[in-house]
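So the sequence shown is numbered by numbering that gives the first Met the number 0: it starts at 0 and just counts up by one. Heads up, the beta-carbon is just placed ideally off N, CA and C, and yes, glycines get one too. First up is the structure itself, then whatever we jot down about it.
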Amino acid sequence: MVEIIINTEKCNGCGDCVNECLYGVLKVQDGKCSVNRLDACRFDMICVARCPNKAITIMV
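This is the structure we're talking about:
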């Protein structure tokens, strides 16, 4: 099973990952990034690369 892990200690809620994702997988909620639609993820790792705080990990 594939999992997107958001390290909430590192996430500052900037939304860069949300804006970069073409599939609406992530969202900012309560000042932190969270998974919105895991089923839509194409695992292209753009969100991981875009996060300035390295708060996103995709576990395959």
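What ranges does the alpha helix (DSSP H) occupy inside the segment 0-37, keeping only unbroken runs of at least 4 residues that lie completely in it?
15-19
Once the 5 residues before and after S33 are set aside, which same chain residues still bring their CB inside 8 Å of it?
Counting from one through the sequence shown, the residue named residue 33 turns up at place 34. Cβ within range, chain order: I5, L25, K26 and V27.
Relative to the C-alpha of L21, which residue among V59, I3, C13 and R41 is closest?
To locate residue 21, count along the sequence shown from 1; it is residue 22. Selected option, being the one with the closest Cα: R41.
Give the straight-line distance between the Cα atoms of V1 and M58, rounded to the nearest whole angstrom.
Within the sequence shown, residue 1 is the residue found at index 2, counting from 1. Within the sequence shown, residue 58 is the residue found at index 59, counting from 1. For V1 and M58, the distance between alpha carbons rounds to 6 Å.
List the endpoints of the continuous alpha helix (DSSP H) containing V47.
Walking along the sequence shown from the start, residue 47 turns up at place 48. If you look at V47, you'll find it in the alpha helix (DSSP H) that goes I45 to R49.
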